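S.K.: Please find one structure pasted underneath; my questions will follow.
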Amino acid sequence: MTKYGIVDTTFSRIDMGKYAFETIRREDPDGEILRYTVPGIKDLPVGATKLFERGCEGVITLGWVGKTKLDKYSYLAASIGLIQAQLIAKRHIMDVTVHEDEVEESQLPALAKDRAVKHAVNLVKLVRDGGEALSPMAGRGLRQGYNNAGKILSED
Amino acid sequence: MTKYGIVDTTFSRIDMGKYAFETIRREDPDGEILRYTVPGIKDLPVGATKLFERGCEGVITLGWVGKTKLDKYSYLAASIGLIQAQLIAKRHIMDVTVHEDEVEESQLPALAKDRAVKHAVNLVKLVRDGGEALSPMAGRGLRQGYNNAGKILSED
Amino acid sequence: MTKYGIVDTTFSRIDMGKYAFETIRREDPDGEILRYTVPGIKDLPVGATKLFERGCEGVITLGWVGKTKLDKYSYLAASIGLIQAQLIAKRHIMDVTVHEDEVEESQLPALAKDRAVKHAVNLVKLVRDGGEALSPMAGRGLRQGYNNAGKILSED
Amino acid sequence: MTKYGIVDTTFSRIDMGKYAFETIRREDPDGEILRYTVPGIKDLPVGATKLFERGCEGVITLGWVGKTKLDKYSYLAASIGLIQAQLIAKRHIMDVTVHEDEVEESQLPALAKDRAVKHAVNLVKLVRDGGEALSPMAGRGLRQGYNNAGKILSED
Amino acid sequence: MTKYGIVDTTFSRIDMGKYAFETIRREDPDGEILRYTVPGIKDLPVGATKLFERGCEGVITLGWVGKTKLDKYSYLAASIGLIQAQLIAKRHIMDVTVHEDEVEESQLPALAKDRAVKHAVNLVKLVRDGGEALSPMAGRGLRQGYNNAGKILSED
Numbered sequence: 005m006t007k008y009g010i011v012d013t014t015f016s017r018i019d020m021g022k023y024a025f026e027t028i029r030r031e032d033p034d035g036e037i038l039r040y041t042v043p044g045i046k047d048l049p050v051g052a053t054k055l056f057e058r059g060c061e062g063v064i065t066l067g068w069v070g071k072t073k074l075d076k077y078s079y080l081a082a083s084i085g086l087i088q089a090q091l092i093a094k095r096h097i098m099d100v101t102v103h104e105d106e107v108e109e110s111q112l113p114a115l116a117k118d119r120a121v122k123h124a125v126n127l128v129k130l131v132r133d134g135g136e137a138l139s140p141m142a143g144r145g146l147r148q149g150y151n152n153a154g155k156i157l158s159e160d
Numbered sequence: 005m006t007k008y009g010i011v012d013t014t015f016s017r018i019d020m021g022k023y024a025f026e027t028i029r030r031e032d033p034d035g036e037i038l039r040y041t042v043p044g045i046k047d048l049p050v051g052a053t054k055l056f057e058r059g060c061e062g063v064i065t066l067g068w069v070g071k072t073k074l075d076k077y078s079y080l081a082a083s084i085g086l087i088q089a090q091l092i093a094k095r096h097i098m099d100v101t102v103h104e105d106e107v108e109e110s111q112l113p114a115l116a117k118d119r120a121v122k123h124a125v126n127l128v129k130l131v132r133d134g135g136e137a138l139s140p141m142a143g144r145g146l147r148q149g150y151n152n153a154g155k156i157l158s159e160d
Numbered sequence: 005m006t007k008y009g010i011v012d013t014t015f016s017r018i019d020m021g022k023y024a025f026e027t028i029r030r031e032d033p034d035g036e037i038l039r040y041t042v043p044g045i046k047d048l049p050v051g052a053t054k055l056f057e058r059g060c061e062g063v064i065t066l067g068w069v070g071k072t073k074l075d076k077y078s079y080l081a082a083s084i085g086l087i088q089a090q091l092i093a094k095r096h097i098m099d100v101t102v103h104e105d106e107v108e109e110s111q112l113p114a115l116a117k118d119r120a121v122k123h124a125v126n127l128v129k130l131v132r133d134g135g136e137a138l139s140p141m142a143g144r145g146l147r148q149g150y151n152n153a154g155k156i157l158s159e160d
Numbered sequence: 005m006t007k008y009g010i011v012d013t014t015f016s017r018i019d020m021g022k023y024a025f026e027t028i029r030r031e032d033p034d035g036e037i038l039r040y041t042v043p044g045i046k047d048l049p050v051g052a053t054k055l056f057e058r059g060c061e062g063v064i065t066l067g068w069v070g071k072t073k074l075d076k077y078s079y080l081a082a083s084i085g086l087i088q089a090q091l092i093a094k095r096h097i098m099d100v101t102v103h104e105d106e107v108e109e110s111q112l113p114a115l116a117k118d119r120a121v122k123h124a125v126n127l128v129k130l131v132r133d134g135g136e137a138l139s140p141m142a143g144r145g146l147r148q149g150y151n152n153a154g155k156i157l158s159e160d
Numbered sequence: 005m006t007k008y009g010i011v012d013t014t015f016s017r018i019d020m021g022k023y024a025f026e027t028i029r030r031e032d033p034d035g036e037i038l039r040y041t042v043p044g045i046k047d048l049p050v051g052a053t054k055l056f057e058r059g060c061e062g063v064i065t066l067g068w069v070g071k072t073k074l075d076k077y078s079y080l081a082a083s084i085g086l087i088q089a090q091l092i093a094k095r096h097i098m099d100v101t102v103h104e105d106e107v108e109e110s111q112l113p114a115l116a117k118d119r120a121v122k123h124a125v126n127l128v129k130l131v132r133d134g135g136e137a138l139s140p141m142a143g144r145g146l147r148q149g150y151n152n153a154g155k156i157l158s159e160d
C-alpha cells in the first residue's frame, strides 16, 4: 500500500488540499493519505520532510503566493527549498503553486482546482508507476491550470 | 514539557520577541522558552540552529527588513537559509518578517505585534499538536499582520 | 557498458528526449539508456537523482521554460537544484533548457533539437571520455541551439 | 581562551580587517585571533570555513561590494553561502558588508570602520557570552555604519 | 608537490585555461596541474568537484557569461553552486568570470587574460601559502581585469 502526503496552507484562499485528497483517493483507492497543514509557502519544505519521515513515498504541496515582489521572493526561496527537500529524501514533491495575480480572481477557483487535480494525478503516476509512466506524454506541452499549450509541430 | 525557541534581532525597531514570549507562555503555560538575540536577519538561521541544538522542538524567528533593494536580497538569502535550517533539523521555524516599507511607520507596531502573536500561536499548534491541528483552517486565506484575505468562494 | 539517463518533461512543447535518446544511441551504441519523465523543470533535479540511484553515470535533463517572470524564477530554482544534485552525486547533468521566448515559435523546433543533440554528444564525451576530451574545444565559443559565437581573436 | 577568526578581502578599498582585529583585541584581551585574506566576497564562505577548521568559535567576514547589478548578484550568492557555512559549522559568522554605492565615497571610510567595529563587538558578545547577552538590545533598531534607527514607539 | 585544477568551458570565447595553466606553471614550477573542460558555467561546480576528488588542493574555474537576463540568472546559480562546492570540499575555487557585455568586445581578450592570470596567482598563494599570504594586500582595492581601484584614504 502506497502512502501519499498532502501539505497545504492556511494562507491559501482556496482549499486545494481537498481536491488533492479526493483525486489521490480516486486514482489509488488503496493508498494511504496523510494531510499536514502549515501557515504559508515557506513552511512547505519542512512540512513535506515531516511526511517523508512518516513514510510517505511522495508528497504534493499546495502553495498560494501573493501579489507583491516580496511574495515572489518568498516563492523563489520556497521553490529552492522544495527542490532541496526532494534531493535529501530522494522522493518526489509535486509542487503546486497558485499565484494570486496570474488570472482574475473569479477564475482562480477553477485554475486552482485544475492544477491541484492534475498534479495529484501526476503524483500517483510518479510514485506508483515511476517516471516511465509519464514518458508517453513527454514533449506534449501539458499544462496544469490552463489549457494545454500543445506540441509545436515541425517538419522534422 | 515542550521547549520553544525565540530568535530576534537588535536591528528590529520593535520588540517582537516580547510578544512571541508572552504568547507562547499563554498558549502553553507549561512550555519552556529559550530566547536568543542576534544582530540581523542573516544571523537568524544559525541562531535557530543553536536553539535546536539546545533541545527546542520548534523556533520562531522575528526578522526586520529595511527598505532598499539590498535589504530585499538579504531577505531572500535569509529565507533560503531559514528553510535550509529547518530541513537539517527536520523541525519548524515560524519565520516572522516585517518589512519596514510594507505599511506606514505609524502602522508598523500593530502589524508587527499581530504577526508575531499569530505566528507564535501557529508555532505552539504545530509543535505540540502537529500539522493536522491546522488542517481545519486550510485554504481559509488567513493572514498575519493584516486582515484575513478570506476564502474565495466558488460555485464548485 | 556505460549507463546514461534522460529526464524530460510533459510541460515541454517539443519531444527533446527523443533527440537525446537517438544521439546517445548513435554516439555510444553499446551504452544503456534510461528515460524518466516528470511534469516540469522543478521536478528535474530529483528525477536525475533517481536515475543516478539506478546507476546512471551521467544524465541529460531537457527543460522547457515559459515566458513569464515567474517562469524565470522557476528556472533559477531549477538551475540551483540541478547543480546541487550534481554536487551530491559527483556526476554530470547536462542541463538543456529551452526558453519559449528566446526565438520565434517557428524557430523553436530547430533550436531545441540542436541543443538537445549537441548536449547529448557532450554528455557521452564527459561520461565516457572525461573532461579532458573537451579541452581541445575550450575557449572556442561553442553554442548549442545557435550558431557558434566563435573565438575572439586577439593579437596576443 | 576563545579563538576568533577574521576573513577580509584584497578587493576591499578599506582595511576593515584592521578595525576588526583591534576591536576583538580590546573586547577580549585574552582571545586568540586568526586572520585570513581572500580575493573577494565569493571567497569568504570557504575562508570562514577554514578558520572554523582551525578552531575558531566565531568568525567575522569583511566584504566589499561593487556598484553593478552583477556585483549585487555576487552579494546574494555570497550571503547564501555565508549562511550555509554557518549552518554546517553551527557557529556564527558576523557578515559585514560595505556596498561601494551606499554612501558618497568620502563617507565610506567612516561607515566601514563603524560597521566593522560594531560587528566585531557583536561577535565577541555572541561567541563569549551567547545570544542571551544581546537580548536586552532586541528591538532597539540598532544599526552598524549608520546612526541607529531607534525603536518605534507605540502606545501599546 | 601541490596539485592544482583548472576547469574551463567550450562556451567561452577566449581560451582562458591556457593563461591559467601558464601562470600556475610559472608560479609553482613543481606543481602538478589537471585540466578539465565542460560546456558552460553551470557545469563548473561539478567539474571542480571532480578535480577535488582527484586530489587537487585548489581549483580555478574560468567562466564566460552571455548578455541576456537569463545568462545572469545562470551566473547566479553557478556562483551559488561554486560556493557550495567549496564548502563541501573545504578547499578554494578561484571563480574567474568574464561577462561578455562588461566591456567592448575588442577589450575582452585583455580583460580575460588579466583576470585569469591574476586569479591563477591568487590560487597558488592561497593553496601553497595560505590566506595569511594575502593579508598584506587586504583592503588595497585590488582588481582583476581592470586597473586596481586602490585604497580609499581617510584621515583616520
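In order, the protein sequence lines correspond to chains A, V, C, B and X.
Sequential numbering from 5 applies to the first sequence in my numbering.
Sequential numbering from 5 applies to the second sequence in my numbering.
Sequential numbering from 5 applies to the third sequence in my numbering.
Sequential numbering from 5 applies to the fourth sequence in my numbering.
Sequential numbering from 5 applies to the fifth sequence in my numbering.
Just so it is clear, CB atoms sit at the ideal spot from N, CA and C, and this is done for glycine as well.
Bear in mind the structure is a predicted one, so any value in this text is a computation, not a measurement.
When you compare each of X:Val-11, X:Gln-111 and X:Arg-17 to Leu-55 of chain X by their alpha carbons, which one comes out closest?
M.R.: Start at 1 with the first residue of the fifth sequence, and residue 55 of chain X comes out as number 51. Looking at the Cα atoms, X:Val-11 is the closest of the given residues.
S.K.: For Val-100 of chain B, which of B:Thr-14, B:Val-69, B:Ala-81 and B:Arg-58 has the nearest alpha-carbon?
M.R.: Translated into positions along the fourth sequence, residue 100 of chain B becomes position 96. When each option's Cα is compared against that of Val-100 of chain B, the closest is B:Val-69.
S.K.: Quick one, which of V:Thr-14, V:Gly-9, V:Met-20 and V:Glu-31 has its alpha-carbon nearest Ala-114 of chain V's?
M.R.: What you label residue 114 of chain V is simply residue 110 of the second sequence in a count that begins at 1. Of V:Thr-14, V:Gly-9, V:Met-20 and V:Glu-31, the residue nearest in Cα terms is V:Met-20.
S.K.: Would you mind telling me which residues of chain V sit closer than 8 Å to Glu-109 of chain A, beta carbon to beta carbon, in chain order?
M.R.: Within the first sequence, residue 109 of chain A is the residue found at index 105, counting from 1. Ordered by position in chain V, the residues that pass the 8 Å Cβ test against Glu-109 of chain A are Ile-156.
S.K.: I'd like to know if Met-141 of chain X contacts chain B, where contact means its C-beta is closer than 8 Å to some C-beta of that chain.
M.R.: To locate residue 141 of chain X, count along the fifth sequence from 1; it is residue 137. Output row for Met-141 of chain X: interface = yes.
S.K.: CB-CB under 6 Å to Asp-75 of chain B, same chain, minus the five flanking residues each way: which ones, in chain order?
M.R.: Taking the fourth sequence and counting its residues from 1, one reaches residue 75 of chain B at position 71. Excluding residues within five positions, the ones whose Cβ falls inside 6 Å are Val-69.
S.K.: Along the stretch 59-85 of chain B, what residues have a CB closer than 7 Å to any CB found in chain V?
M.R.: Of all residues in the stretch 59-85 of chain B, Lys-76, Tyr-79, Leu-80, Ser-83 and Ile-84 have a Cβ within less than 7 Å of some Cβ in chain V.
S.K.: Does the beta-carbon distance from Ile-221 of chain X to Thr-13 of chain X come in below 8 Å?
M.R.: No statement about residue 221 of chain X is possible, as the shown extent of chain X runs from 5 to 160 and does not include it.
S.K.: Tell me the rounded alpha-carbon separation between Ser-16 of chain C and Arg-144 of chain A.
M.R.: Working through the third sequence from its first residue, we reach residue 16 of chain C at position 12. Working through the first sequence from its first residue, we reach residue 144 of chain A at position 140. Between Ser-16 of chain C and Arg-144 of chain A, the C-alpha separation is close to 6 Å.
S.K.: Please list the partners that Ile-87 of chain V has in chain A, where partner means a Cβ-to-Cβ separation under 8 Å.
M.R.: Stepping through the second sequence from its first residue, residue 87 of chain V is reached at position 83. Those are Lys-46, Pro-49, Val-50, Ala-81, Ala-82, Ile-84, Gly-85 and Gln-88, listed as they occur along chain A.
S.K.: For the 8 Å Cβ check, are there 3 or more pairs between the stretch 114-134 of chain X and the stretch 77-94 of chain B?
M.R.: Cβ pair count under 8 Å is below three, so no.
S.K.: Write down every uninterrupted run of the beta strand (DSSP E) in the stretch 33-66 of chain B whose length is 3 residues or greater and which is fully enclosed by it, in chain order.
M.R.: With a minimum length of 3 residues, the continuous beta strand (DSSP E) runs that stay inside the stretch 33-66 of chain B are 36-42.
S.K.: Between which residues of its own chain and Arg-166 of chain V is the CB-CB distance below 7 Å, once the five residues before and five after are set aside?
M.R.: There is simply no residue 166 of chain V to check, as chain V begins at 5 and stops at 160 in what is shown.
S.K.: Rank A:Gly-154, A:Ala-153, A:Val-128 and A:Ala-137 by C-alpha distance to the C-alpha of Pro-33 of chain A and give the top, closest one.
M.R.: Here residue 33 of chain A refers to the residue found at position 29 of the first sequence. Cα-wise, what sits closest to Pro-33 of chain A is A:Val-128.
S.K.: Name the DSSP bridge partner or partners of Met-98 of chain X?
M.R.: Here residue 98 of chain X corresponds to residue number 94 of the fifth sequence, with the count starting at 1. X:Ile-64, per the DSSP bridge assignment.
S.K.: Can you confirm whether Asn-126 of chain A, when its beta carbon is compared against all beta carbons of chain C, has any partner nearer than 8 Å?
M.R.: Working through the first sequence from its first residue, we reach residue 126 of chain A at position 122. So yes, Asn-126 of chain A belongs to the interface.
S.K.: Mind listing the chain A neighbours of Ala-54 of chain C? Cutoff is C-beta to C-beta under 8 Å, in chain order.
M.R.: On the third sequence, residue 54 of chain C is found 50 positions in, with the first residue counted as 1. Looking at the sequence provided, one finds Lys at residue 54 of chain C rather than Ala. Here the neighbours are Lys-94 and Gly-135.
S.K.: Can you look up Lys-155 of chain X in the DSSP assignment and give me helix, strand or coil?
M.R.: For the purposes of this step, residue 155 of chain X is taken as the residue at position 151 of the fifth sequence. Reduced to three states, the DSSP call for Lys-155 of chain X is coil.
S.K.: How should Met-5 of chain B be labelled, buried or exposed, when 16 other C-beta atoms within 10 angstroms of its C-beta is the threshold for buried?
M.R.: For the purposes of this step, residue 5 of chain B is taken as the residue at position 1 of the fourth sequence. With fewer than 16 Cβ atoms within 10 Å of its Cβ, Met-5 of chain B is classed as exposed.
S.K.: Tell me, to the nearest whole angstrom, how far the beta carbon of Asp-105 of chain V is from that of Lys-71 of chain V; I am working on the premise that it is less than 8 Å.
M.R.: To locate residue 105 of chain V, count along the second sequence from 1; it is residue 101. To locate residue 71 of chain V, count along the second sequence from 1; it is residue 67. Contact flag correct, Cβ pair sits at about 4 Å.
S.K.: My output table needs one value for Ile-10 of chain X: the three-state DSSP class, helix, strand or coil.
M.R.: Within the fifth sequence, residue 10 of chain X is the residue found at index 6, counting from 1. Ile-10 of chain X falls in the strand class under three-state DSSP.
S.K.: Any beta carbon from chain X within less than 8 Å of Thr-4 of chain B's own beta carbon?
M.R.: Given a span of 5 to 160 for chain B in the structure shown, any question on residue 4 of chain B remains unanswerable.
S.K.: Rounding to the nearest angstrom, what Cα-Cα distance links Arg-30 of chain X and Ala-24 of chain X in this structure?
M.R.: Counting from one through the fifth sequence, the residue named residue 30 of chain X turns up at place 26. Counting from one through the fifth sequence, the residue named residue 24 of chain X turns up at place 20. Roughly 10 Å separates the two Cα atoms.
S.K.: Can you name the residues of chain V whose CB is closer than 7 Å to the CB of Met-98 of chain A?
M.R.: Counted from its first residue, the first sequence places residue 98 of chain A at position 94. Result: empty, since nearest Cβ-Cβ is about 17 Å, beyond 7 Å.
S.K.: Among the residues of its own chain, which have a CB less than 7 Å from the CB of Arg-147 of chain X, if the five just before and after it don't count?
M.R.: Residue 147 of chain X sits at position 143 when you count from the first residue of the fifth sequence. Excluding residues within five positions, the ones whose Cβ falls inside 7 Å are Ala-153.
S.K.: Can you pull the DSSP bridge partners for Gly-103 of chain B?
M.R.: Reading the fourth sequence from its first residue, position 99 is the one you call residue 103 of chain B. It is worth fixing the name first, because residue 103 of chain B is His in this sequence and not Gly. Answer is B:Val-69, bridged to His-103 of chain B.
S.K.: Please list, in chain order, the chain B residues whose beta carbon lies closer than 9 Å to that of Gly-3 of chain X.
M.R.: Summary: the structure shown does not reach residue 3 of chain X, with chain X confined to residues 5 through 160, and so no result is reported for it.
S.K.: Helix or strand or just coil, what does DSSP make of Ala-142 of chain C?
M.R.: Sequence index remark: in the third sequence, residue 142 of chain C carries index 138 (1-based). Three-state result, Ala-142 of chain C: coil.
S.K.: Would you grab the beta carbon distance between Tyr-77 of chain C and Glu-136 of chain A for me? Rounded to a whole angstrom, and I think it's under 8 Å.
M.R.: Taking the first residue of the third sequence as position 1, residue 77 of chain C is located at position 73. Taking the first residue of the first sequence as position 1, residue 136 of chain A is located at position 132. Incorrect: roughly 30 Å between the Cβ atoms, too far for contact.
S.K.: Closest to Asp-118 of chain X by C-alpha separation, out of X:Gly-9, X:Ile-18, X:Lys-7 and X:Tyr-8, would be which residue?
M.R.: As a working mapping, residue 118 of chain X is identified with position 114 in the fifth sequence. If we check each option's Cα against that of Asp-118 of chain X, X:Ile-18 comes out closest.
S.K.: Can you tell me the Cα-Cα spacing of His-103 of chain C and Gln-111 of chain B, whole angstroms?
M.R.: As a working note, residue 103 of chain C is residue 99 in the third sequence. As a working note, residue 111 of chain B is residue 107 in the fourth sequence. Roughly 44 Å between the two C-alpha positions.
S.K.: Against Ala-153 of chain B, what residues of chain V qualify as contacts under a CB-to-CB distance less than 7 Å, listed in chain order?
M.R.: Stepping through the fourth sequence from its first residue, residue 153 of chain B is reached at position 149. Within 7 Å Cβ-Cβ: Arg-17.
S.K.: Whole angstroms are fine: how far does the CA of Tyr-150 of chain V sit from the CA of Leu-157 of chain A?
M.R.: Here the question's residue 157 of chain A lines up with position 153 in the first sequence. Here the question's residue 150 of chain V lines up with position 146 in the second sequence. Spanning the two alpha carbons is a distance of roughly 49 Å.
S.K.: Considering only C-alpha positions, which residue in the set C:Thr-27, C:Ile-97 and C:Gly-9 is nearest to Leu-48 of chain X?
M.R.: Numbered from its first residue, the fifth sequence carries residue 48 of chain X at position 44. Leu-48 of chain X has its Cα closest to that of C:Ile-97, out of C:Thr-27, C:Ile-97 and C:Gly-9.
S.K.: Going by DSSP in three states, Asp-118 of chain X sits in which element: helix, strand or coil?
M.R.: Start at 1 with the first residue of the fifth sequence, and residue 118 of chain X comes out as number 114. Three-state DSSP puts Asp-118 of chain X in a helix.
S.K.: At a CB distance below 8 Å, what residues from the stretch 23-41 of chain A approach chain V? Give them in sequence order.
M.R.: For the stretch 23-41 of chain A, which is checked against every Cβ of chain V, the residues closer than 8 Å are Arg-39, Tyr-40 and Thr-41.
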